[in-house]
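Trainee:
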Amino acid sequence: MPRLVFPILGEATWTDDFGDARGQGSHEGNDLLAPRRALALAAEAGRVKFWTTSARAGCMLYLEGASGTEYLYIHLNNDLTDENDNHGRCVPGVSYAEGLASGDKVAAGEPIAFVGDSGDADGGSPHLHFEVHPSGGGATNPFPHLKRASRLLFAAARGTTFTAALTGKVVAALGEDLQVAVEQVRWWPGGRKSKQPGQRLSVSVPETASVEGVAAAPGGLQYPTIDLLLRGSTVTVWTAPAKVTLAAQAGDKGALFAARVVLKH
Numbered sequence: 012m013p014r015l016v017f018p019i020l021g022e023a024t025w026t027d028d029f030g031d032a033r034g035q036g037s038h039e040g041n042d043l044l045a046p047r048r049a050l051a052l053a054a055e056a057g058r059v060k061f062w063t064t065s066a067r068a069g070c071m072l073y074l075e076g077a078s079g080t081e082y083l084y085i086h087l088n089n090d091l092t093d094e095n096d097n098h099g100r101c102v103p104g105v106s107y108a109e110g111l112a113s114g115d116k117v118a119a120g121e122p123i124a125f126v127g128d129s130g131d132a133d134g135g136s137p138h139l140h141f142e143v144h145p146s147g148g149g150a151t152n153p154f155p156h157l158k159r160a161s162r163l164l165f166a167a168a169r170g171t172t173f174t175a176a177l178t179g180k181v182v183a184a185l186g187e188d189l190q191v192a193v194e195q196v197r198w199w200p201g202g203r204k205s206k207q208p209g210q211r212l213s214v215s216v217p218e219t220a221s222v223e224g225v226a227a228a229p230g231g232l233q234y235p236t237i238d239l240l241l242r243g244s245t246v247t248v249w250t251a252p253a254k255v256t257l258a259a260q261a262g263d264k265g266a267l268f269a270a271r272v273v274l275k276h
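Note that my numbering numbers the sequence shown so that position 147 is 158, with each residue one more than the last.
1. Name, in chain order, the residues that DSSP records as bridge partners for T142.
2. Where are the alpha helix (DSSP H) runs, 4 residues long or more, that stay fully inside the segment 137-212, in chain order?
3. Given a cut-off of 8 Å, decide if N97 and D131 are closer than it, judged by their beta-carbon atoms.
4. What whole-angstrom Cβ distance do A124 and L72 have, given they're in contact under 8 Å?
5. So, for A269: in the same chain, excluding its five sequence neighbours on each side, which residues have a beta-carbon less than 8 Å away from its beta-carbon?
6. If we count the other Cβ atoms within 10 Å of its Cβ and call it buried at 16 or more, is T172 buried or exposed?
7. Distance check for A56 and D115, CA to CA, integer angstroms please.
8. Is the segment 252-272 in contact with the segment 165-182, if contact means three or more CB pairs nearer than 8 Å?
9. Which partner residues does F125 have in the DSSP bridge list?
10. Cutting at 8 Å between CB atoms, please list the residues of its own chain near S136, excluding the five before and the five after it.
11. Tell me which residue opens and which closes the beta strand (DSSP E) that A258 is part of.
12. Quick check on G170: buried or exposed, where buried means 16 or more other Cβ atoms within 10 Å of its Cβ?
13. I'd like to check one pair, S78 with P155: are the Cβ atoms closer than 8 Å?
14. Buried or exposed: T178, going by 16 or more other Cβ atoms within 10 Å of its Cβ?
15. Residue range of the beta strand (DSSP E) that W249 falls in?
16. On the DSSP bridge assignment, give the partners of V117 in chain order.
17. Report, in whole angstroms, the separation of the C-beta atoms of V143 and N88, which I expect to be a contact under 8 Å.
18. How about G76 and A49: do their beta carbons lie closer than 8 Å?
19. How long is the line joining the alpha carbons of A68 and Q207, rounded to whole angstroms?
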């Protein structure tokens, strides 16, 4: 199996509950708790298939991965408000990503669905029941794959142009390398916000970037630099416009460049 993209954008909590006793037998996946209507992402590139006829699963999706692994996304959203209203149907824009059709090919990390509590999860905490079936066979424990999965910062169509505002705590700042433990991301187009689990990433801060909110530059320097930022201080990093790539979405080193760094007081 390839390294997966974590199947939820933003914060999620989960435990290794694979094999736990359930009313219908042992648990064949991991339950990932997340906010209602959080974006569910394609764990790898592949083809999606909607499934809407299971009373237990509720609104459900199969992802047939390019590697031959099959992924199940169960208990997707069926609510039209922020409450558990059960007024929605298993359709794109409610359970599945807007504009997505059953049978479509998707890229790794592409939004495919929304987290919810449909089926026999109704009334419980919204979560994604996520299963992994290598070669389309029996379920295997997703937990080790989720632990090493790539966590994305934002969702956008590949090849389009994005900017993002990354807010978090300074881990280290030296030269043109700023390391931040990210707590929230807001991205454009769209202006959507997502809380993040504090993943550490490196942002390149070129000389042309402005560093705002810090003390005046010391003698000999015309402008403040990131070297003046203290470990643990809160900053918002505004990225320069760039093309959407999986590396940029994951915040890989060398993939994000700052236009502004603003110290929060």
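Here a beta-carbon is modelled for each residue, glycine too, at the ideal position from N, C-alpha and C.
Note that this is a predicted model, so its numbers are computed, not measured.
Mentor: On the basis of the supplied data:
1. Contrary to the premise, residue 142 reads as Glu rather than Thr in this sequence. E142 is bridged to L83.
2. 154-158
3. No, the Cβ-Cβ distance between D131 and N97 is not below 8 Å.
4. Correct: roughly 5 Å between the Cβ atoms.
5. L189, V214, S215, V216, P217, A220, V248, W249, T250, A251
6. exposed
7. 11 Å
8. The segment 252-272, when compared against the segment 165-182, does touch it at the 8 Å Cβ threshold.
9. L50
10. L44, D128
11. No beta strand (DSSP E) contains A258, which is instead part of the alpha helix (DSSP H) from 257-261.
12. Under the 10 Å beta carbon count, G170 is surrounded by fewer than 16 other beta carbons and is classified as exposed.
13. The Cβ atoms of P155 and S78 do not sit closer than 8 Å to each other.
14. Buried.
15. 245-250
16. Bridge partners of V117: G57.
17. Their Cβ separation, rounded to whole angstroms, is 21 Å, which puts V143 and N88 out of contact at 8 Å.
18. no
19. 27 Å
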